[in-house]
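Asker:
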Amino acid sequence: MTSGAQVAQEPATSTEYVGVSVPRREDFRFLTGTGTFSEDITLSGMLYASVVRSTLAHADIVSIATDAARIQPGVVAVFTAADFGDDEMGTIPTDWELPIMDGIPARYPLARETVKYVGEAVAVVVAETRVQADDAAYFVDVEYAERPAVVDAELATRDGAPLVHDQYERNTSYVWHLGTGDWDSMAAAADHTVDVRLVNQRVHASSLEARVSIADYQVGTGILTLYLGTQNVHVVRRNLSIAIGIPENRIRVVTPAVGGAFGSKLCLYPEDVIVSAASRRLRRPIRWAETRAEHFTGTSGGRDHIEQVSLAADKEGKIQALKVTTYANLGAYVSGMGAGIPVVSGMVYPGVYDIPVADVDIHGVYTNTSTTETYRGAGRPEAAYLIERAVDELAAKAGIDRVELRRRNFIQPHQFPYSNATGMTYDSGDYEKALDKALEMIGWDDRVAEQAAARAEGRIVGLGLSVYTEFCGFGDSFQLQLVGFDRATWEQSVITVTRTGSVIVQVGIDAAGQGHETSIAQIVATELGLDIDDVEVLQGDTDVVHFGTGTFNSRSMSSAGTSAALAARKILAKATRLAAHMLDVETDDVVYRDGVFSSGPQPEGRQVTFEEVAVEAWRGVDLPEGMEPTLKEIAVFDPPNFTSPFGVHVAAVEIDPDTGAVRIDRYVAVDDCGNQINPQIVTGQIHGGVAQGIGQALYEELAWDEEGQPMSTSFMQYPVLRAHHMPRLETGHTVTPSPVNPLGVKGVGESGAIGSQPAVVNAVMDAVRHLGVDNLDMPLTPAKVWTALQEASR
Amino acid sequence: MTHDTIRTGRPAAAQRSAISYTLNGEPVSCEVDARTLLVHHLREERNLTGTHIGCDTSQCGACAVHLDGRAVKSCTVLAVQVDGREVTTIEAVRGQGPDDLHPVQEALQSKHGLQCGFCTPGMVMTALELLDTDQALTPEQVQHGLVGNICRCTGYQNIVDALVELSASESGGTR
Numbered sequence: 018m019t020s021g022a023q024v025a026q027e028p029a030t031s032t033e034y035v036g037v038s039v040p041r042r043e044d045f046r047f048l049t050g051t052g053t054f055s056e057d058i059t060l061s062g063m064l065y066a067s068v069v070r071s072t073l074a075h076a077d078i079v080s081i082a083t084d085a086a087r088i089q090p091g092v093v094a095v096f097t098a099a100d101f102g103d104d105e106m107g108t109i110p111t112d113w114e115l116p117i118m119d120g121i122p123a124r125y126p127l128a129r130e131t132v133k134y135v136g137e138a139v140a141v142v143v144a145e146t147r148v149q150a151d152d153a154a155y156f157v158d159v160e161y162a163e164r165p166a167v168v169d170a171e172l173a174t175r176d177g178a179p180l181v182h183d184q185y186e187r188n189t190s191y192v193w194h195l196g197t198g199d200w201d202s203m204a205a206a207a208d209h210t211v212d213v214r215l216v217n218q219r220v221h222a223s224s225l226e227a228r229v230s231i232a233d234y235q236v237g238t239g240i241l242t243l244y245l246g247t248q249n250v251h252v253v254r255r256n257l258s259i260a261i262g263i264p265e266n267r268i269r270v271v272t273p274a275v276g277g278a279f280g281s282k283l284c285l286y287p288e289d290v291i292v293s294a295a296s297r298r299l300r301r302p303i304r305w306a307e308t309r310a311e312h313f314t315g316t317s318g319g320r321d322h323i324e325q326v327s328l329a330a331d332k333e334g335k336i337q338a339l340k341v342t343t344y345a346n347l348g349a350y351v352s353g354m355g356a357g358i359p360v361v362s363g364m365v366y367p368g369v370y371d372i373p374v375a376d377v378d379i380h381g382v383y384t385n386t387s388t389t390e391t392y393r394g395a396g397r398p399e400a401a402y403l404i405e406r407a408v409d410e411l412a413a414k415a416g417i418d419r420v421e422l423r424r425r426n427f428i429q430p431h432q433f434p435y436s437n438a439t440g441m442t443y444d445s446g447d448y449e450k451a452l453d454k455a456l457e458m459i460g461w462d463d464r465v466a467e468q469a470a471a472r473a474e475g476r477i478v479g480l481g482l483s484v485y486t487e488f489c490g491f492g493d494s495f496q497l498q499l500v501g502f503d504r505a506t507w508e509q510s511v512i513t514v515t516r517t518g519s520v521i522v523q524v525g526i527d528a529a530g531q532g533h534e535t536s537i538a539q540i541v542a543t544e545l546g547l548d549i550d551d552v553e554v555l556q557g558d559t560d561v562v563h564f565g566t567g568t569f570n571s572r573s574m575s576s577a578g579t580s581a582a583l584a585a586r587k588i589l590a591k592a593t594r595l596a597a598h599m600l601d602v603e604t605d606d607v608v609y610r611d612g613v614f615s616s617g618p619q620p621e622g623r624q625v626t627f628e629e630v631a632v633e634a635w636r637g638v639d640l641p642e643g644m645e646p647t648l649k650e651i652a653v654f655d656p657p658n659f660t661s662p663f664g665v666h667v668a669a670v671e672i673d674p675d676t677g678a679v680r681i682d683r684y685v686a687v688d689d690c691g692n693q694i695n696p697q698i699v700t701g702q703i704h705g706g707v708a709q710g711i712g713q714a715l716y717e718e719l720a721w722d723e724e725g726q727p728m729s730t731s732f733m734q735y736p737v738l739r740a741h742h743m744p745r746l747e748t749g750h751t752v753t754p755s756p757v758n759p760l761g762v763k764g765v766g767e768s769g770a771i772g773s774q775p776a777v778v779n780a781v782m783d784a785v786r787h788l789g790v791d792n793l794d795m796p797l798t799p800a801k802v803w804t805a806l807q808e809a810s811r
Numbered sequence: 005m006t007h008d009t010i011r012t013g014r015p016a017a018a019q020r021s022a023i024s025y026t027l028n029g030e031p032v033s034c035e036v037d038a039r040t041l042l043v044h045h046l047r048e049e050r051n052l053t054g055t056h057i058g059c060d061t062s063q064c065g066a067c068a069v070h071l072d073g074r075a076v077k078s079c080t081v082l083a084v085q086v087d088g089r090e091v092t093t094i095e096a097v098r099g100q101g102p103d104d105l106h107p108v109q110e111a112l113q114s115k116h117g118l119q120c121g122f123c124t125p126g127m128v129m130t131a132l133e134l135l136d137t138d139q140a141l142t143p144e145q146v147q148h149g150l151v152g153n154i155c156r157c158t159g160y161q162n163i164v165d166a167l168v169e170l171s172a173s174e175s176g177g178t179r
């Protein structure tokens, strides 16, 4: 950890911005339609691209006829893979190749011999207008020789399943084992065992802004600029450089406003490379904007795990061992961090429980579907769902109250930092406290009594809870690189104080609606004792911020927030030393508060303002011995470990017996993300996460038929939550600071999506279990619930 | 699925039509392709990029504008259809001064009713119509009034709260 100098014992400001719901500075531009999103950018001489995509899930490309397309009005060029060598359009790198994988299958931006999922790019038409490009794309004629396809990850591992990649003998890319101890002997000695098979279906982030890429290759300088909505300009720069053969210092990646990302805009995508290569060839800027249908078929989704879960417990319900076999669908290729997510998911399978033995096998499997990747929670929703569903089944089978059973198994506060049986270290936690708060908020005992009365009337009601922990703020770097993680874990901030005392903060993260400009300004203004309006936060442009690791894993406050605070402390340390020189006193005697340095306790002492010190630093004429001019500092923070947010979600549901529709009557979420920078933003993140979690629990599924044809290509077939679907969210918080960063923050972007699915499904299961329904898989659509009730009543 | 279903736009001979209409209070006369949607006309031909495209299938409401004072999804309207009519986009929604927010915008900001901001212009345009009533709206009325607008970030609650509160204050609390 980089340590910042501790300058002032007293806070530098009487205006404490941290912990306050400062209004977001981002809001004005979005409310007025003046926020610039990628597709709002028009460059002089810009062309438009339309991508021709595979219509089959698995096929050899026999031929691609482009002549008819080339002669359409406005068409400038039609390209296929044959038009580019590896030096111009090479394979797309991944960011996570597990050491036990037998390499990763080559993924060319434009398919070469075969296509492996519906939606894979096979050609691109470039024309003077978007409409002309789209029109001409119909004239590209691709002849395919169809091959058998496989969609389901478990079926794909069976003997005789169609092979997605000819060079491998099986579709299983890896089997990663986690855990220690002997499951068999624990199970044999157990008083209670449960076995549950769970399907955590494929879902899709489906941010309201789909993806857009604009490439602008300038032949005079040899510099390629790529504008796109991404969570991660620097990783895009690196991977694009590898794919296209332009050195990183001649690639500029810019992400303007991003209309939602949720993990889906984290990797380099084929179209980013296609437009870049085409722009370089044609020497003109090219814009490609995804349609919603392309978004559903080509942009990575998340989850898609099939899990067999077993628990063994003693007479009191103390869980002795956990056994899990997971089939994780990677899709047709390995996208970004896609290969690693199932493994880190397994690392939190034990959840909040002190389980001594774990025996976990994770199968990463190729199928003829689009790729899976990071999606809000990325592994932790799967883990929380798995363990919380299983614990409820154990409680039901053992006849032990589910709240009491959880209490008996909780990791206790004194056990932190706690290393679980699958190799994850949790930084801090107090699960009883969060549980007590959530139960109090919902009035658990009263709700149980009400439920009994309602059931006596024949109503189908249920109460469900989940207690989760997760991991955020990727670290440490050593451990992660051992398992093949090929991103950095550090984050950097550079702070520059201008001649007039205004502050520029350059951070290596890229916001997609989280309000980073506001939150980072809160941190820096507090550290520097300045008005928040004096602090400007810049991100999302590799020419402005030269290095960074990006926004994912709810890491922006714990990593970038910390690095910004540390850089601010360095600034203040230097400014204080200069102020002492100006005041002709010892540095230790200088008192700083609210933009004023004093030679002693204010207001008696002589004073210089922050701005006067900034001027002196800028002039650089009369500086203390050895001091360089200017106030400009960099801090790089590499977290020593993950943080472990946690929380408790409780849902009360009622099911309409005539339709099977689930209505959520009450929803309580108590989340602990450590210290909070901006409580309003924190709660907003919980709201959004819970909405997506409820969406997965009740409505959403990205589905393919057996031939690999996508069945969810618009918001009609993929019903994201609308306003009237939302229950009233009652939110609460406990605060257990993280010990792994000096701000004590844990991260909150994904928690809502982690706690919510198990709470909702456990509530539904509670409603229907006593009616004879022993399992339901998400999404709990009316048809599915109604059918299960009918079958159970036969 | 053929790729016809995964792309917008349909081949058609470009047939141009002259239209005259009022855009954000100013007269506009121009030629448009017969098949050009209002949303594409606004974004690409009038450079009004505050109106967004979220779904291509008239389900998300990111492209909502006002046509003769009523909120419409501008992806369901052809540009030629606005001939002789009045179109208002988010760019014309402001408070008293150019840097002031309209009360609907202020309400959304104070309740943190936006995150990424991509749905926000459409939400504002829809909300303006929804609030065009003397009655104080209930949360259920607002929820159902926003049924055509998808927000993927906020979970809607803060948007609903903002509009319910604003509606109550503008109606003097009568319901």
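Chains as they are written, first to last, in the working numbering: chain C, 18 to 811; chain H, 5 to 179. From the three backbone atoms N, C-alpha and C, an ideal C-beta is built for every residue, glycine too.
Buried or exposed for C:Gly567, please, with buried defined as at least 16 other CB atoms from any protein chain shown within 10 angstroms of its CB.
Answerer: It is buried - the Cβ of C:Gly567 has at least 16 other Cβ atoms within 10 Å.
Asker: Under three-state DSSP, which class holds C:His312?
Answerer: helix
Asker: Taking the continuous beta strand (DSSP E) assigned at H:Val81, which residues delimit it?
Answerer: Neither: H:Val81 is in no beta strand (DSSP E) and is coded neither H nor E.
Asker: Using a C-beta to C-beta distance shorter than 7 Å, which residues of chain C count as neighbours of H:Gln113?
Answerer: Pro40, Asp44, Leu48
Asker: Assuming C:Asp289 contacts C:Leu339 (C-beta within less than 8 Å), just tell me the rounded distance between them.
Answerer: C:Asp289 to C:Leu339, Cβ: 40 Å. No contact.
Asker: Could you check where the alpha helix (DSSP H) with C:His533 kicks off and where it finishes?
Answerer: Unbroken alpha helix (DSSP H) run through C:His533: 533-545.
Asker: How many whole angstroms separate the CB atoms of C:Val382 and C:Ala345, which I take to be in contact at a CB cut-off of 8 Å?
Answerer: 7 Å
Asker: Going by DSSP in three states, C:Thr700 sits in which element: helix, strand or coil?
Answerer: helix
Asker: Which residues does DSSP list as the beta-bridge partners of C:Thr389?
Answerer: C:Gly318
Asker: Apply the 10 Å Cβ neighbour rule to C:Phe488 and answer buried if 16 or more other Cβ atoms are within range, or exposed otherwise.
Answerer: Buried, since its Cβ has 16 or more Cβ neighbours within 10 Å.
Asker: Would the beta-carbon of C:Glu171 fall within 8 Å of that of C:Ile417?
Answerer: no
Asker: What's the call for C:Phe96, buried or exposed, on a 16-neighbour Cβ count within 10 Å?
Answerer: buried
Asker: Of the residues C:Ile231, C:Val326, C:Thr730, which one's Cα is nearest the Cα of C:Thr210?
Answerer: C:Val326
Asker: For C:Gln23, count neighbouring Cβ atoms within 10 angstroms of its own Cβ and tell me buried if that reaches 16, exposed if not.
Answerer: Model confidence at C:Gln23 stands at a pLDDT of 41, short of 50, so the residue's coordinates are unreliable; what they give is reported in the following sentence. With fewer than 16 Cβ atoms within 10 Å of its Cβ, C:Gln23 is classed as exposed.
Asker: Would H:His70 count as contacting chain C if we go by Cβ distances under 8 Å?
Answerer: no
Asker: Grouping DSSP H, G and I as helix and E and B as strand, with all else coil, what is C:Trp461?
Answerer: helix
Asker: C:Ala128 and C:Ser67 - do their beta-carbons sit closer together than 8 Å?
Answerer: no
Asker: Below 9 Å on C-beta distance, what does C:Phe569 contact in chain H?
Answerer: By Cβ distance, chain H contributes nothing, its closest Cβ being about 15 Å from C:Phe569, past 9 Å.
Asker: Give me the chain C residues within the contact set of H:Glu35, using Cβ-Cβ distance strictly less than 7 Å, ordered along the chain.
Answerer: In chain order: nothing, as chain C lies at least about 15 Å away.
Asker: For H:Asp104 and chain C, any beta-carbon pair shorter than 8 Å?
Answerer: no
Asker: Indicate the three-state DSSP secondary structure (helix, strand or coil) for C:Val232 in the structure shown.
Answerer: According to the sequence as given, residue 232 of chain C is Ala; it is not Val. Three-state DSSP puts C:Ala232 in a strand.
Asker: Can you tell me whether C:Pro398 is buried or exposed, with buried defined as 16 or more other CB within 10 angstroms of its CB?
Answerer: buried
Asker: Taking the C-alpha atoms as reference points, what is the distance between C:Asn266 and C:Glu105?
Answerer: 17 Å
Asker: For a quick check, are the C-beta atoms of H:Gly3 and H:Ile154 less than 8 Å apart?
Answerer: This structure cannot speak to residue 3 of chain H, because chain H is shown only from 5 to 179.
Asker: Return yes when the Cβ of C:Gly315 is within less than 8 Å of the Cβ of C:Gly136, no when it is not.
Answerer: yes
Asker: Give the residues of chain C in contact with H:Thr158, contact being defined as C-beta atoms less than 8 Å apart.
Answerer: Gly701, His704, Gly705, Ala708
Asker: Name the residue from C:Val484, C:Ile404, C:Ser445 whose alpha carbon lies nearest to the alpha carbon of C:Arg424.
Answerer: C:Val484
Asker: Using a C-beta cutoff of 8 Å, does H:Arg179 count as contacting chain C?
Answerer: At H:Arg179, the pLDDT of 47 sits below 50, so the modelled position is not reliable; the number obtained from the coordinates is stated separately. Not one chain C Cβ lies under 8 Å of H:Arg179.
Asker: Which residue wins for smallest C-alpha separation from C:Pro674, given the options C:Arg472, C:Arg516, C:His742, C:Phe313?
Answerer: C:Arg472 is the residue among C:Arg472, C:Arg516, C:His742, C:Phe313 whose C-alpha sits nearest the C-alpha of C:Pro674.
Asker: Suppose you measure from the CA of C:Trp511 to the CA of H:Thr93; what does that come to, to the nearest Å?
Answerer: The question names Trp, yet the displayed sequence has Val at residue 511 of chain C. Whole-angstrom Cα-Cα distance: 39 Å.
Asker: Taking its Cβ as the centre, do 16 or more other Cβ atoms sit within 10 Å of C:His787, making it buried, or is it exposed?
Answerer: Within a 10 Å sphere around the beta-carbon of C:His787 sit fewer than 16 other beta-carbons, which makes this residue exposed.
Asker: Three-state secondary structure (DSSP) at H:Val164?
Answerer: helix
Asker: Taking the beta strand (DSSP E) that C:Arg297 belongs to, which residues open and close that run?
Answerer: Taken as a continuous stretch (DSSP letters only), C:Arg297 belongs to no beta strand (DSSP E), being part of the alpha helix (DSSP H) at 287-299.
Asker: Over what stretch of residues does the alpha helix (DSSP H) that includes H:Gln113 continue unbroken?
Answerer: 107-114
Asker: So C:Asp444 and C:Met782 are supposed to be a Cβ contact under 8 Å. How far apart are they, rounded?
Answerer: Wrong, their Cβ atoms sit about 31 Å apart, outside the cutoff.
Asker: Taking only runs that begin and end inside the region 88-118 of chain C, name each unbroken beta strand (DSSP E) of 3 or more residues, in chain order.
Answerer: 92-97
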